[in-house]
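A.B. asks: Submitted below is the structure of interest, expressed as structure tokens.
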Amino acid sequence: MHGSEDDPAVQDSASYDEEPERGPERRHVHAGGTEIVVARYAGYCYGVERALRLTGEALEGAPAPVATLGPIIHNPSVVGSLEERGVRVVDDVTTDVGTLIVRTHGVSPDVIARARSRRLNVVDATCPFVSVAQRKAAQLREAGYAVVILGERDHPEVVGLQGFAGADAVVVEDASGLPVERLRGRRVGVVVQTTQTRANLSALAAELAPVARELLVFNTVCDATEKRQSAACELAEEVDVVVVVGGRNSANTARLAQLCQAIEPRTHHIESAAELRPEWLEGAARVGVTAGASTPDEEIEATVRALLDLCGE
Numbered sequence: 125m126h127g128s129e130d131d132p133a134v135q136d137s138a139s140y141d142e143e144p145e146r147g148p149e150r151r152h153v154h155a156g157g158t159e160i161v162v163a164r165y166a167g168y169c170y171g172v173e174r175a176l177r178l179t180g181e182a183l184e185g186a187p188a189p190v191a192t193l194g195p196i197i198h199n200p201s202v203v204g205s206l207e208e209r210g211v212r213v214v215d216d217v218t219t220d221v222g223t224l225i226v227r228t229h230g231v232s233p234d235v236i237a238r239a240r241s242r243r244l245n246v247v248d249a250t251c252p253f254v255s256v257a258q259r260k261a262a263q264l265r266e267a268g269y270a271v272v273i274l275g276e277r278d279h280p281e282v283v284g285l286q287g288f289a290g291a292d293a294v295v296v297e298d299a300s301g302l303p304v305e306r307l308r309g310r311r312v313g314v315v316v317q318t319t320q321t322r323a324n325l326s327a328l329a330a331e332l333a334p335v336a337r338e339l340l341v342f343n344t345v346c347d348a349t350e351k352r353q354s355a356a357c358e359l360a361e362e363v364d365v366v367v368v369v370g371g372r373n374s375a376n377t378a379r380l381a382q383l384c385q386a387i388e389p390r391t392h393h394i395e396s397a398a399e400l401r402p403e404w405l406e407g408a409a410r411v412g413v414t415a416g417a418s419t420p421d422e423e424i425e426a427t428v429r430a431l432l433d434l435c436g437e
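Take any residue in the sequence shown, note its place counting from 1, add 124, and you have its number in the numbering used here.
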């Protein structure tokens, strides 16, 4: 078994140090006797900012028409805004003209190969953390490991990872889904959807350790995800209500809501400030706000303003 000193079953993947270790202080605002607290880490991560920058650059100078293969990020308002600027969302490689942008979640190698064979201008906006997971999956396959992917089976990132890990890769959403007998006595390698939790990964590694002949686990949970999850849990411990802002189709936002709800049952996942309800705030002295990595600052600010209005009534 190979791993890090902290967890013998887990090797940490490379990280991009785009955010300070401790991060900014929480923001506190008050209205009508209620304190609203915004998590230290919330909103856009490096991978999302990079993808949106690449999309903007493509609109300015790349061959038209410009399309993204699936939504560039999982945020309906951002995708809608890009569509208004002329960026189409397509589900497959079906054209021979223009520019195709690979979404942050990445795609399998054969999809990019098909796009290039059609002579499309391909802009790869895959999040660098996802690219690390893809490379680790390919390395495990090439080294002869039975590859296990921890993640949501139908999520586009996981579908893309399968393309690197090979057709025999096993996808599980948690340790309970492991096909233990199929893996018993084999060399097993694990990669993780970047928006998973370290706790899920540790549980999976613990289940595999007595089964595998050799176990190599890569912690490909991204640095920004871990920081947002940690900051959200910290916040949930100290407030009476938590509001999580972000797309309902966003895995990292849904994970934040799940983690917060386990700590503070009065947790609400919204896509926009318009969904806030006054009754959610009844009796609350402190309201926490956090947001997924694909949530723009303006949506966080709109939520804070709406909460101030509701608390001040």
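Using N, Cα and C, we set each Cβ at its ideal position, and we do this for glycine too. Just so we're clear, the structure is a prediction, and the values are computed from it rather than from any experiment.
1. Got a sec? Which residues, its chain only, sit under 8 Å from I424 by beta carbon, not counting five neighbours each side?
2. Whole angstroms are fine: how far does the CA of L328 sit from the CA of K351?
3. Indicate whether the contact test is met: 3 or more Cβ pairs, each with one atom in the region 225-241 and one in the region 174-192, closer than 8 Å.
4. Identify every residue that forms a DSSP beta bridge with I225.
5. Using the C-alpha atoms, what's the distance from L339 back to V172?
6. Return the Cβ separation of A175 and I196 in integer angstroms, given the expectation that the two are a contact with Cβ distance under 8 Å.
7. Whole angstroms are fine: how far does the CA of A289 sit from the CA of A262?
8. Would you mind reading off the limits of the alpha helix (DSSP H) that contains G287?
9. If we require 4 or more residues per run, which alpha helix (DSSP H) segments fall completely within the region 375-433?
10. According to DSSP, which residues form a beta bridge with A356?
11. Does L264 come out as helix, strand or coil in the three-state DSSP assignment?
12. Whole angstroms are fine: how far does the CA of T219 sit from the CA of S442?
13. Look at R439 and R310 and say whether their C-beta atoms are less than 8 Å apart.
14. Would you call the CB atoms of A257 and T319 closer than 8 Å?
15. What did DSSP end up calling L274 once you bin it into helix, strand or coil?
16. Assign G301 to one of three DSSP states: helix, strand, or coil.
17. Could you check the C-alpha separation between A155 and P148 for me, to the nearest Å?
18. Looking at C-alpha atoms only, which residue of T179, P420, S255 and A267 is the closest neighbour of V247?
19. For a quick check, are the C-beta atoms of L183 and R209 less than 8 Å apart?
20. Should the region 398-410 be regarded as contacting the region 229-238, the criterion being three or more beta carbon pairs within less than 8 Å?
21. Given that a residue counts as buried once 16 or more other Cβ atoms are within 10 Å of its Cβ, and exposed if not, what is D347?
22. Do E395 and V363 count as a contact pair if the criterion is CB distance below 8 Å?
23. Look up N343 in the DSSP assignment and say whether it is helix, strand or coil.
24. Please go through the same chain and pick out, in chain order, the residues whose beta-carbon is closer than 6 Å to the beta-carbon of D130, but skip the five residues on each side of it.
25. For the alpha helix (DSSP H) that contains G185, what are its first and last residues?
26. Look at the Cβ atom of V366, then the Cβ atom of T391, and state whether they are nearer than 8 Å.
27. Report buried or exposed for R461, applying the criterion of at least 16 other Cβ atoms within 10 angstroms of its Cβ.
28. So, with DSSP's three-state summary, where would you put T158?
29. Could you check the C-alpha separation between G268 and A293 for me, to the nearest Å?
C.D. replies: In short, the structure shows the following:
1. V162, A166, G167, V369, V413 and A415
2. Using only the alpha carbons, I get a separation of about 21 Å.
3. yes
4. According to DSSP, which records beta bridges pairwise, I225 is partnered with T192 and V247.
5. 32 Å
6. 6 Å
7. 5 Å
8. P280 to A289
9. 375-387
10. Bridge partners of A356: none, in fact.
11. helix
12. Residue 442 is absent from the model: the chain starts at 125 and stops at 437.
13. No information on residue 439 is available, as it lies outside the stretch 125 to 437 that the chain covers here.
14. no
15. strand
16. helix
17. 22 Å
18. T179
19. Less than 8 Å divides the Cβ of L183 from the Cβ of R209.
20. no
21. Its Cβ being crowded by 16 or more others within 10 Å, D347 is buried.
22. no
23. strand
24. With a pLDDT of 40 at D130, under the threshold of 50, the modelled position of this residue cannot be trusted, and the question is left open.
25. Y170 to G185
26. yes
27. No information on residue 461 is available, as it lies outside the stretch 125 to 437 that the chain covers here.
28. strand
29. 11 Å
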